[in-house]
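Sequences listed follow chains A and B, in order. Okay, so the first sequence: first residue is 1 according to the UniProt record's numbering, each after it adds one. Okay, so the second sequence: first residue is 1 according to the UniProt record's numbering, each after it adds one. We treat Cβ as the ideally placed atom computed from N, Cα and C, and that holds for glycine.
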Amino acid sequence: MKFRSVILALAAVGAMTAALPASAVTVRYANQGDLKALDPYTLNETTTIAHLGHVYEGLTKRGKDLAIQPALAESWETPEPTRWRFHLRKGVKFSDGTPFTADDVVFSAERVRAPGSNFATRLPPDAKVIKVDDHTVDIVTDKPNPILHYQFDGWYIMSKAWAEKNGAVAPTPAAATTPSFASLNAMGTGPFTIESHQPGVRTVFKKNPNYWGKMEGNVDEIIFTPIANDSTRVSALLSGEVDIIEPVPLQDINRVNGSPNAQVLTGPETRTIFLGMDQARDELVNSNVKGKNPFKDVRVREAFYKAIDVDAIKSRVMRNLSTPSALMIAPEYFRLAKEFTRPKADPERAKKLLAEAGYPDGFEVGMNCPSDRYVNDGDICRAVIGMLARVGVKVNPIIEPKAQYFAKVLKTGGFNTSFYLLGWTPSTGDSHNVLYEIMGCRGRNGASRGDTNLGGYCNPKLDELTDQILVETDQAKRDQLIKQAYEIGNADYAYIPLHQQSLAWGVSKKLKVAQRGDNQVRFEWVVKGE
Amino acid sequence: MIAFLVRRVLQAVGVFLAVGVIAFTMFRFVGDPVNQIVSIDTPYEERVKIRASLGLDDPIPVQILRYLGRAATGDFGISYQFRQPVSALFAERLPATLELAFCATIFALGLGVVLGVVSALKRGTALAAALETVSLVGISLPTFLIGILLIYVFSEGLRWLPSFGRGDVVNVGGWTTGFLTTSGLLALVLPSITLGLFQMTLVMRLVRAEMLEVLRTDYIRFARARGLKTRSIHFGHALKNTLIPVITIAGLQLGSVIAFAIITETVFQWPGMGFLFLQAVQNVDIPIMAAYLLLVAFIFVTINLVVDLLYTVVDPRITISGRPA
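Quick look at the structure:
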């Protein structure tokens, strides 16, 4: 009897889980990475932000072309250079039915800057968020800030009432030592809600019936599974078990395109891959040159630049899926990018420069490189090492998994590198971030300047321009200042920009998707046919 | 008997301490967890705060003692990646691993014994030679390759079986099982074969060797001389005696199957403990790594103890006493 009741109970459970409307459109999605935190202020990372963008919304959003569009704020203006006024959309409800008001914006502004938030930079520390009425919010800054709203698409607005009810007023810190409600539950105004979330296994999103907007796509349900193994992920796509995967490894692109039911969608990504050189130390940590630092000599940096053939890297290592870059920023994020061209590789000139700098026979230097962070990162480094060998520089590879690599090269590891490969995409979508974080003098006029300038390049003139760029509100003038700053960096051979890597999404032929350059897979635009 | 048990438990505590200390010393070389927890554009000050809040600035011996102290009370900490208690994560993943290990062992024993007997009885025939070759392949091919090949053939090519995950699972009193749904059962097939193939060939070769040995012994000749049926000689008398070493090996291998399902689980995105461990290594999730190593130590210590005790049951000539032999 007991056994029978168990069977009956199981059958009931089965019947309930199977009770989806027959017409529901389900899209199954597999990503290499996991959805690690549901709290929208815990982890500032593309995959997580993209997932949560289905549930939460910001005051602004970015369209398919990355252009800024109104979202929870219908419109905004700057009555004074230091005062921004946001008019909030009326009639918006959170998915639990509570109305969205200015109180939620003020609450989210406090929460996003509270200790433990990984998104504190989304709102400048000096910005005061003031409720004018239920649907108007003012943001007042000390200094004019023309790019204040550039990152608002990734600053998700949470419900004050929901957070207070569930003890989630404080953000879940990345290094949480106690489990938190907000890291396992999500509730926002977006087009989807999270129905179930099993970390590392499976997350199910359902269409939000109370959504204020009109969704372009026809997806009712998203089933997300992380599949870490490259070949399993590709097989799952080809066998039709999932509808979309990200990323497709470069070597499998032809296989996917050759299959009858799926194809690879490629496009330029906004992340720039570049090489950096230690110009700060008086003696390199990994080199046979003692008593001086060859990278302090601009001729040596130029020689390295000229020795490396990015077109060969593109055709041999990247299987043509990269866009060589003359700048440290992707063209999508800088209007005047096309005015720059990358100098051609010139090994002869590189040899001559090295001889002039006093290294006719080259020298030895160690190169730090991650092996599992960027597309074919380890192979790029091996190619670079071969190219430098042709001009007489012996590069000793230190190619490691990202966990070990980042532990050495970042500021927390004491910038323990002489020559390295890194990738960067400005979270603001604006050059100021690059000029400040990557090209700014370390620690000058503000503690965090140059924190990711691992080689310690420093030119005060560039810093001055960076500071002007921050407060310049005239768009055309600002672009000219940015251009000047990049010209200084290029003349100094501060870095060796290589390329923007390519996105590679594997998509079932039943699906119509919009591929965005920041690699966010967003389902509100997905249309699934038969 | 009791003295024996007490001694074994004390030894086990020693093993746990050694594993804990060695593991913690190794963790110094796996990288900086903070970089895996936050994004690259996280300000330096915030990173320093996180380091401090995780207690990573303390000297290693202090960290070890603190960890072991908490572990003794059953608190294995909070996973860096998932912000969940490690014990809860393990409890959630344990059924997946145990069900996989169970099916793999059934597959290995069932098929291994049958094929072993067949290749012993048909010695010298083409069939036996073919089985020998297959078993060599099974023993020498790496697990991940077998998994990928199976996926390629049965998921991508024939589309018979799923390539990843557990399918639909049913929650029975906190234990999620894949045995009760069709998709759950189908999802078990490829991973079980992948995980069990090595053990299967091992069992097959063992059974064959033992069987050949036993078939030469006197009592089998006498049995034949008595005119017993061939079938009853082979399966009633010979096979029974070959099984003693097989059971020993299978028991010991069960530990490895549970503990080292890591590769299989990774290839098939199987949501078990091994996969959790591998991800923890990639993300420098020290609480999960430490707890997993302790758990593996626990499994091996327990299985060894059970096997020791079983010897007395299987072979009455062996006795266990408190005194060293």
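By Cβ distance below 7 Å, which residues in the same chain neighbour A:A114 in space, the five residues on each side in sequence not counted? A170, P171
7 Å is my cut-off, CB to CB: does B:D58 come that close to chain A? No, no contact with chain A.
Quick check on A:K411 - is its C-beta less than 7 Å from some C-beta in chain B? yes
In whole angstroms, give me the CA-to-CA distance for B:N304 and B:A250. Rounded to the nearest angstrom, the gap between the Cα atoms of B:N304 and B:A250 is 12 Å.
Check whether chain A comes within 7 Å of B:Y44, counting only Cβ atoms and requiring the distance to be less than that. yes
Burial state of A:Y457 (16 or more Cβ within 10 Å): A:Y457 should be labelled buried.
CA nearest to the CA of A:V300, picked from A:D492, A:Q263, A:R449, A:T270: A:D492
DSSP-derived helix/strand/coil call for B:G322: Here the model assigns B:G322 a pLDDT of 45, short of 50, so the residue's position is not dependable, and the following value carries that caveat. B:G322: coil per DSSP, three-state reduction.
Whose C-alpha, out of B:V169, B:L54, B:F164, is nearest the C-alpha of B:E265? It is B:F164.
Nearest-angstrom Cα distance between A:V317 and A:L43? 31 Å
Output yes or no for whether 7 Å exceeds the beta carbon distance between A:V25 and A:D153. Contact flag unset, no.
Could you list which residues in chain B have their beta carbon closer than 7 Å to that of A:T466, in chain order? What A:T466 touches in chain B: nothing, since even the nearest Cβ is about 16 Å away.
Rounding to the nearest angstrom, what Cα-Cα distance links A:D379 and B:L252 in this structure? 42 Å
Segment limits, beta strand (DSSP E) that includes B:R221: Here B:R221 belongs to no beta strand (DSSP E); instead the alpha helix (DSSP H) covers 218-226.
If you follow the alpha helix (DSSP H) that A:F419 is in, where does it begin and where does it stop? Element bounds for A:F419: not the alpha helix (DSSP H) but the beta strand (DSSP E), 419-424.
Opposite A:M277 in the DSSP bridges: which residues? In the DSSP output, where bridge partners are listed per residue, A:M277 has A:F419.
Between the segment 56-76 of chain B and the segment 137-151 of chain B, can you find at least three pairs of beta-carbon atoms closer than 8 Å? no
Residues of chain B with CB closer than 9 Å to the CB of A:T272, please, in chain order. Those do not exist, as A:T272 stays about 13 Å from chain B at its closest Cβ, beyond 9 Å.
Could you list the residues in the segment 6-33 of chain B with a C-beta less than 7 Å from some C-beta on chain E, going in chain order? Protein chains A and B are contained in the structure displayed, whereas chain E is not.
Alpha carbon to alpha carbon, how far is A:S95 from A:S322? 41 Å
Within the chosen definition, does the segment 231-246 of chain A reach the segment 256-267 of chain A through at least 3 CB pairs nearer than 8 Å? yes
Where does the unbroken beta strand (DSSP E) through B:A238 begin, and where does it stop? Neither: B:A238 is in no beta strand (DSSP E) and is coded neither H nor E.
So, helix, strand or coil for A:P191, using DSSP? coil
Selection from A:A303, A:S325, A:G455 that minimises the alpha carbon distance to A:S502: A:S325
Apart from the five residues just before and just after A:N229, which ones in its own chain have a Cβ nearer than 7 Å to its Cβ? Excluding residues within five positions, none has a Cβ falling inside 7 Å.
So that I know if they touch, is there some Cβ in chain B lying closer than 7 Å to that of A:S508? no
Comparing the C-beta of A:I227 with each C-beta of chain B, is any distance below 7 Å? For A:I227, the answer is yes, since a Cβ of chain B falls inside 7 Å of its Cβ.
Straight-line CA distance for residue 541 of chain A to A:N396? Residue 541 of chain A falls outside the range modelled here, since chain A spans only 1 to 530, and no answer is possible.
Apart from the five residues just before and just after B:V30, which ones in its own chain have a Cβ nearer than 6 Å to its Cβ? V284
For the segment 74-90 of chain B, list every residue whose C-beta sits within 7 Å of some C-beta in chain A, in sequence order. I78, Y80, Q81, F82, R83, Q84, P85
Is there at least one Cβ from chain B nearer than 7 Å to A:L421's Cβ? no
Starting from A:L66, find everything on chain B with Cβ-Cβ shorter than 7 Å and list it in chain order. Listed by position along chain B, the residues whose Cβ is nearer than 7 Å to that of A:L66 form an empty set, because the closest Cβ is around 18 Å away.
B:L218 CB to nearest chain A CB: under 7 Å? The sequence shown places Asp at residue 218 of chain B, not Leu. Output row for B:D218: interface = no.
In chain order, what residues of the same chain lie with their CB nearer than 6 Å to the CB of A:P21, ignoring the 5 residues before and after it? No answer about A:P21 holds up, because its pLDDT of 48 lies below 50 and its placement is not dependable.
State the CB to CB distance for the pair A:A330 and A:T412, rounded to an integer number of angstroms; the pair is presumed to be in contact (CB under 8 Å). So it is not a contact: roughly 27 Å between Cβ atoms.
Are three or more beta carbon pairs between the segment 184-197 of chain A and the segment 128-135 of chain A nearer than 8 Å? no
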